[in-house]
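Below you'll find the structure, written out as structure tokens, and then a few comments.
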Amino acid sequence: MAKLMELSQQVCSRARLTRDARFDGKFFIGVLSTKIYCRPICPARTAKESNVRYFPTAAAAAESGFRPCLRCRPECSPGTPAWLGTPSTVSRALKLISESGLDDGGVESLAEKLGVGSRHLRRLFLQHLGASPSAVAKTQRLQFAKKLIDETQLPMSEIAMAAGYGCVRRFNAAFRDTYSRTPTHIRKLVRKSGDQSANQYVFRLRYRQPFHWEGMLAFLALRATPGVEVVEDGRYCRSIAIDGERGWIEVSCDAPNDALVARVQIRSPRSLFPIIERVRAMFDLNADWLAIARSLKADSALTERLASEPGLRVPGCWDGFELAVRAILGQQVSVKGATTLAGRIAARYGAPLLAANGLTHVFPAAKALASMKVANAGMPTSRVETIRKLARAVCDGTITFTADTDADELRKRLCEIPGIGPWTAQYVAMRALGQPDAFPTGDLGLLKALELRSSRELERRSEAWRPWRAYAAMYLWCVPPLSRSADSAYSDARRSRERAPAYQSEQPSYRAVTA
Ligand SMILES: [Zn+2]
């Protein structure tokens, strides 16, 4: 068996016998007598210890010949916490696979994109995930198809395409091999919720507790671009553009079931897979918060903050370019000021959208901002020029925000654009690439929170937080120390989202920008 993550056989065994939800997605259980694999929370009768084997991923169980359980539905477990103990090559490979599968060119081309040999990549996968890259891709495709069968009313031919099978015959064969049933038979086994209208799809995306939904919403609400994003009634809504189509997503929290509910409105179901993967990244669903907190709580500045507001995640973004523009707009103005500017740009350069929920535009693509005009932009000429330069670099492919983007390379390229400093570059790496160790060095809010005087002192202090420095930054930005406030930042934020002073540190220090 592969080096089963950080979990020992004993830990897995205890988690399995107590059906401990904290371990959901962190390992899978194969039952030897039935050849079925389950999540730790499976309601089925627990098998004898001698009759089970543990696997770090669903793909590893599948590759060893186990079939997914139809009761606990392994495809619904929260994602594998990919960063935990895996080298960045594996994390990036996983992201690439979830962005586009392994369809074009297989393992060889995947390895080439990552700049490593394919044998080395295979070895890393086996060591950290217990499965080969192709088994991971195959399991992922099957799991997504299973979710579409269970949770939507899409016809099977559409599901075959949306899940990347290319044709119905391959799709049917995969289901026959894995489940010994036809897709139609599998659909008959589940109850339908029936709350889906035309071109609308609802997905349940599980997370591991704790998840600080209010904290996530408060962070997004303050930065919601008017017309593009709306946060109200405990929901996050935004317009989307993907593969030449426009639509919207709405995300809410189903806390009793440890899941986010994502409602997607898009004409073609072919984009559903990348859309759902982006939503998962945006809300940081794969994170193993308890493990992160365990390693951060040693710092006295973080101990109380972690304890008082458990479950805070690092918010990702829908689109890297949009986030980078937003970060540039935020330089030297308040978060609110930047939000107003972003709304103005969206209204002027974004494509209009007909949606009922307060969304009027999709955020402009790089092409539209490459020739942005200075007049009436409401900001200095130099900042408009910075945005134009960024947009051109994205158009000509110098800057990308895809999974094969190397974070150091991205930071370097961003800093080559006049007007973008290390703070902005780090902030973008943190939220656009989901880099858990990205850290906005020199951030004034962080210096203040820790009562430090120089970015060098901050840098030194942050060494102990690796590889979770982004989470430490979120806690220091968003949660005031208990001694200074009787109430939490979130109740403040709920009372008045406009004020919420604890969130106002999305401004780079002047020093950082001009450095
Ligand atoms: Zn099961």
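In the numbering used here, the protein residues as written are 34 to 548. Beta carbons: idealized from backbone N, C-alpha and C, even for Gly. Source: prediction; values computed, not measured.
Straight across, the Cα-Cα distance linking Pro-385 with Arg-256 is about 20 Å. Linking Asp-437 to Leu-129 through their CA atoms gives a straight-line distance of about 6 Å. Assignment of beta-bridge partners to Ser-272 by DSSP yields Trp-281. As far as DSSP is concerned, Arg-125 takes part in no beta bridge. With a cut-off of 7 Å, the C-beta of Arg-446 is classified as distant from ligand 1, since no heavy atom of the ligand falls inside that distance.
Excluding the 5 residues flanking it on each side, Arg-311 has same chain C-beta neighbours closer than 7 Å at Trp-351, in chain order. Cys-71 has its Cβ nearer than 7 Å to a heavy atom of ligand 1. Straight-line measurement puts the Cα of Lys-179 at about 20 Å from the Cα of Phe-88.
Linking Ala-320 to Ser-66 through their CA atoms gives a straight-line distance of about 33 Å. The Cβ-Cβ distance between Trp-510 and Gly-478 falls below 8 Å. With at least 16 other beta carbons inside 10 angstroms of its own, Glu-342 counts as buried. Gly-376 and Gly-383 have their C-alpha atoms some 10 Å from each other. For Cys-511, the enclosing alpha helix (DSSP H) begins and ends at 502-511. The secondary-structure analysis by DSSP pairs Ala-292 across a beta bridge with Arg-239 and Asp-287. Assigned with DSSP and collapsed to three states, Glu-342 falls in coil, not helix or strand.
Under the three-state reduction of DSSP output, Gly-63 falls in the strand class. Ranked by Cα distance from Leu-374, the options Met-412, Leu-387, Leu-392 and Ala-357 are led by Met-412. The DSSP-derived three-state label of Ile-308 is helix. With a cutoff of 8 Å on beta-carbon distance, Glu-337 and Pro-188 are scored as not near each other. Excluding residues up to 5 positions away in sequence, Val-294 lie with their Cβ nearer than 6 Å to the Cβ of Asp-287 in the same chain. Cβ-Cβ separation between Leu-339 and Tyr-508: approximately 6 Å, consistent with a contact (criterion under 8 Å). Sequence-distant partners of Ile-308 (beyond 5 residues in either direction) whose C-beta falls short of 6 Å from its own C-beta, in its chain, are Val-297. Ranked by Cα distance from Thr-122, the options Glu-247, Ser-328, Ala-54 and Ala-440 are led by Ala-440.
The secondary-structure analysis by DSSP pairs Pro-385 across a beta bridge with His-394. In the three-state reduction of the DSSP assignment, Tyr-460 falls in the helix class. By the 16-neighbour rule on beta-carbons within 10 angstroms, Gly-454 is buried. Counting along the chain, Arg-49 sits inside no beta strand (DSSP E); it lies in the alpha helix (DSSP H) bounded by residues 42-50. Cys-75 has its CB nearer than 7 Å to a heavy atom of ligand 1. By the Cβ-count criterion, Ser-415 is exposed, with fewer than 16 other Cβ atoms from all chains shown falling within 10 Å of its own Cβ. For Val-201, there is no enclosing beta strand (DSSP E); the enclosing alpha helix (DSSP H) covers residues 201-212. Close CB contacts of Arg-268 within its chain, under the 7 Å cut and outside five residues either way in sequence, are with Glu-283, Val-284 and Ser-285 (chain order). When distances are taken from the beta-carbon of Cys-200 to the heavy atoms of ligand 1, even the shortest one reaches 7 Å or more. Around the Cβ of Val-223, a 10 Å sphere holds fewer than 16 other Cβ atoms; the residue is exposed.
For the options His-245, Gln-242, Ser-133 and Gly-58, the alpha carbon positioned closest to that of Ala-94 is the one of Gly-58.
Cβ contact annotation for Glu-355 (same chain, cutoff 6 Å, sequence separation greater than five): Phe-396, in chain order. Taking C-beta atoms under 8 Å as the contact rule, Arg-381 and Ala-371 fail to qualify, at a distance of about 16 Å.
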